[in-house]
Amino acid sequence: MGGWAIAVHGGAGVDPNLPTQRQEEAKQLLTRCLNLGISALRSSLPAIDVVELVVRELETDPLFNSGRGSALTENGTVEMEASIMDGPKKRCGAVSGITTVKNPISLARLVMDKSPHSYLAFSGAEAFAKKQGVELVDNEYFVTEDNKGMLKLAKEANSIVFDYRIPILETCSGAGAIDSPLQMNGLPISVYAPE
Amino acid sequence: TVGCVVVDSEGRCAAATSTGGLMNKMMGRIGDSPLIGAGTYACDLCGVSCTGEGEAIIRATLAREVAAVMEYKGLNLQDAVDFVVKEKLDEGQAGLIAVSKNGEVACGFNSNGMFRGMATEDGYMEVGIWD
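Sequence lines, in order, name chains X and H. Each residue of the first sequence is one higher than the one before, starting from 293 at the first, in this note's numbering. Each residue of the second sequence is one higher than the one before, starting from 1059 at the first, in this note's numbering.
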């Protein structure tokens, strides 16, 4: 047996100009989450409980795109999704379209443990959450000022982005910017047309 | 997107991923994170959590791919991660973290950076953003 191991992530695709202070904040959060997981492993918590515990911490901190601090929809609201999987018996649980559950990963865990299914979404998932008595909050709780600003930039660029790359508006007249084709991740949506 | 993968002292692997998705996304859009086999996967061999361009990760069934090349090609964890990130993403940009039942930990990404932290029982610990 090789002993325990743990890894965490806060997303791929990072603004090359991310201020040093924001980089330090991100590293501190990652370190805090690693240490949370390490002490749980040293207390012999099973892997499935440790991944849920750590992702809850990441959802609660607004720094990364999940839980509080989630990216915003075209309407300026938050719709979250999460999944969890336990290796030994390949049990799994997933949720999508979550708008009021404070920690979506714990709802995914309940789908795995307390429902006959492996994936619940939107109103069905919210009804299941109420029945399971998980902590519910108003959708506003998840919305941050930073992300309102990011959404505004994305809309001005007529773009859908998974990371920092909000294309700089062409210097051409407004008209050019307005009828530029819809973009995703800074690329014309046609790149994803097969999707 | 955030994620965590763990192998405990009894060699049991697990994976978890959670996200708000894409900024300015359409209502009702579902990405890779909730899709078992794409954004999240765990079996007796390994645990994997992915992040990045969801549509590319879905098409590649990226998380399951790591377990598959370990299972069928006999690659070790880091080689499996490197192979999958290099060969399976087409034009997409993504990253992933993974652990193996042998207590190994690995990460790989083809984007310009990835927020990640890794630690093992023998004292190794790394927190990074850039390549």
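The beta-carbon is built from N, C-alpha and C at its ideal position, and this holds for glycine as well.
- In the structure shown, residue 321 of chain X falls within a helical segment according to DSSP collapsed to helix, strand and coil.
- In the three-state DSSP reduction, residue 1099 of chain H falls in the strand class (E or B).
- Pairing residue 384 of chain X with residue 350 of chain X gives a Cβ-Cβ distance that is not under 8 Å.
- Boundaries of the beta strand (DSSP E) harbouring residue 1173 of chain H: 1172-1178, taken from the DSSP string.
- Collapsing the DSSP output to three states places residue 378 of chain X in a strand.
- Spatial neighbours of residue 442 of chain X in its own chain (CB-CB distance under 6 Å, excluding positions within 5 residues in sequence) are not present.
- Interface with chain H (8 Å Cβ-Cβ cutoff): residue 441 of chain X is excluded.
- As DSSP reads the structure, residue 383 of chain X sits in a beta bridge with X:378.
- The beta carbon of residue 433 of chain X sits no closer than 8 Å to any beta carbon of chain H.
- Ranked by how close their Cα comes to the Cα of residue 321 of chain X, the residues H:1166, H:1061, H:1135 have H:1061 in first place.
- Less than 8 Å divides the Cβ of residue 439 of chain X from the Cβ of residue 364 of chain X.
- At a cut-off of 8 Å, the C-beta of residue 1174 of chain H has a neighbouring C-beta in chain X.
- Excluding sequence positions up to five before and after residue 1176 of chain H, its CB lies within less than 6 Å of the CB of 1163, 1184, all in the same chain and listed in chain order.
- Taking the beta carbon of residue 428 of chain X as reference, no residue of chain H falls within 7 Å; the closest one sits roughly 16 Å away.
- Look at the beta carbons and you see the segment 1092-1106 of chain H touching the segment 383-398 of chain X: at least three pairs across the two are nearer than 8 Å.
- In chain order, 360, 362, 370 place their CB closer than 6 Å to the CB of residue 434 of chain X, counting only its own chain and leaving out the 5 sequence neighbours on each side.
- If you ignore the 5 residues before and after residue 352 of chain X, its C-beta comes within less than 8 Å of the C-beta of 359, 360, 394, 395, all in its own chain and listed in chain order.
- Neighbourhood of residue 1070 of chain H in chain X, by CB distance below 9 Å: 338, 339, 340, 378, 379, 380, in chain order.
- In this structure, residue 1072 of chain H and residue 340 of chain X form a Cβ contact; the two beta carbons are roughly 4 Å apart against a cut-off of 8 Å.
- When the beta-carbon positions are compared, residue 1173 of chain H and residue 302 of chain X come within less than 8 Å of each other.
- Close CB contacts of residue 1186 of chain H within its chain, under the 7 Å cut and outside five residues either way in sequence, are with 1174 (chain order).
- Interface with chain X (8 Å Cβ-Cβ cutoff): residue 1098 of chain H is included.
- The segment 378-440 of chain X contains, as complete beta strand (DSSP E) runs of 3+ residues, the segments 383-390, 411-413 (chain order).
- Residue 337 of chain X sits in coil when the DSSP states are folded into three classes, being neither helix nor strand.
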